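> Each residue of the sequence shown is one higher than the last, beginning at 1249 in this note's numbering.
Here a beta-carbon is modelled for each residue, glycine too, at the ideal position from N, C-alpha and C.
Quantities reported herein were computed from a predicted structural model and do not represent experimental measurements.
Dumping the structure here so I can ask a few things about it.
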Amino acid sequence: MPQQQGLAAYVAVTAAYWAFMLTDGALRMLVLLHFHLLGFSPLQLAYLFLLYEFMGVVTNLAAGWLAARFGLAATLYAGLSFQVVALAFLYAMPGDIEMIWAVVYVMLVQGLSGIAKDLAKMSSKSAVKLLAPDRPGSLFRWVAMLTGSKNAVKGLGFFIGAALLALIGFDGAVLSMGLVLFAILLAVLAFMPSGLPSGKKEAKFKDVFSKDRRVNIL
């Protein structure tokens, strides 16, 4: 891929990744603070994030196969789309729902967000490895800029989530984040340069596993 085109693709991938991590951090803080204010116990609050982490593990297992089968661009778009859908479901949650069903509802939505997170993360990091110029140290610098900024962007998301909750409330915060992320998804779809690997229909899920049984056990 030409250097200029590779740089444009890197900027698009990084922008998508930052936008996702920003909303992911904000959503975590929103959910935690909002449902704490509604009277959820510490254990109930912990349950809300249980499926988020579990689905992240499951997605990590299948992410390599999904990228090989459908392509890195498709998995990146899917991650952003799932996050938009998760935000839409949170916005649509009935206000008079019983607490037990609210826990289940938010758990399921957070599970979808967990899938979105690991699809976006895997796609972005894998894409950068392919887009980096073939020069000594280039890959290290490009990956460092992407991954090194993750915690800072997510931390900013925590602050934004708390600020939005205080300023416009839970529904307003979720709706505004969903609309912004959807706009970014459309922009990435429109301006992402070609060059990311497309999928291969012959890719098999069993290829995810190593031929060494000891590696699979680990």
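Alpha carbons only, please: which of Ala-1435, Tyr-1265 and Leu-1278 is nearest the one belonging to Ser-1424?
Nearest option by C-alpha distance: Leu-1278.
> Just to check my reading of the structure: Ala-1368 and Tyr-1265 have Cβ atoms closer than 8 angstroms, yes? What is that Cβ distance to the nearest angstrom?
Confirmed, about 6 angstroms.
> Tell me whether the segment 1315-1335 and the segment 1285-1293 touch, counting them as touching only if at least three CB pairs, one residue from each stretch, are closer than 8 angstroms.
The segment 1315-1335 is not in contact with the segment 1285-1293.
> Answer yes or no: do Ser-1374 and Ala-1315 have a C-beta to C-beta separation smaller than 9 angstroms?
Cβ atoms of Ser-1374 and Ala-1315: closer than 9 angstroms.
> Apply the 10 Å Cβ neighbour rule to Asp-1344 and answer buried if 16 or more other Cβ atoms are within range, or exposed otherwise.
Under this definition Asp-1344 is an exposed residue.
> Taking the Cβ atom as the reference point for each residue, do Met-1370 and Val-1261 lie within a distance shorter than 9 angstroms?
No.
> Relative to the C-alpha of Asn-1308, which residue among Ile-1348, Leu-1429 and Gly-1362 is closest?
Considering only alpha carbons, the answer is Gly-1362.
> Given a threshold of 16 other Cβ atoms within 10 Å of its Cβ, counted over all protein chains shown, does Ala-1438 qualify as buried or as exposed?
Exposed is the call here.
> Does the distance from the C-beta atom of Ala-1263 to that of Ile-1408 stay below 9 angstroms?
No, the pair does not count as a contact, with Cβ atoms beyond the cut-off.
> Which whole-angstrom value is the C-beta distance of Leu-1434 and Leu-1270, which I expect to be below 8 angstroms?
Not a contact, Cβ separation roughly 17 angstroms.
> Quick one: grab the DSSP three-state call for Gly-1319.
Here Gly-1319 sits in strand by DSSP.
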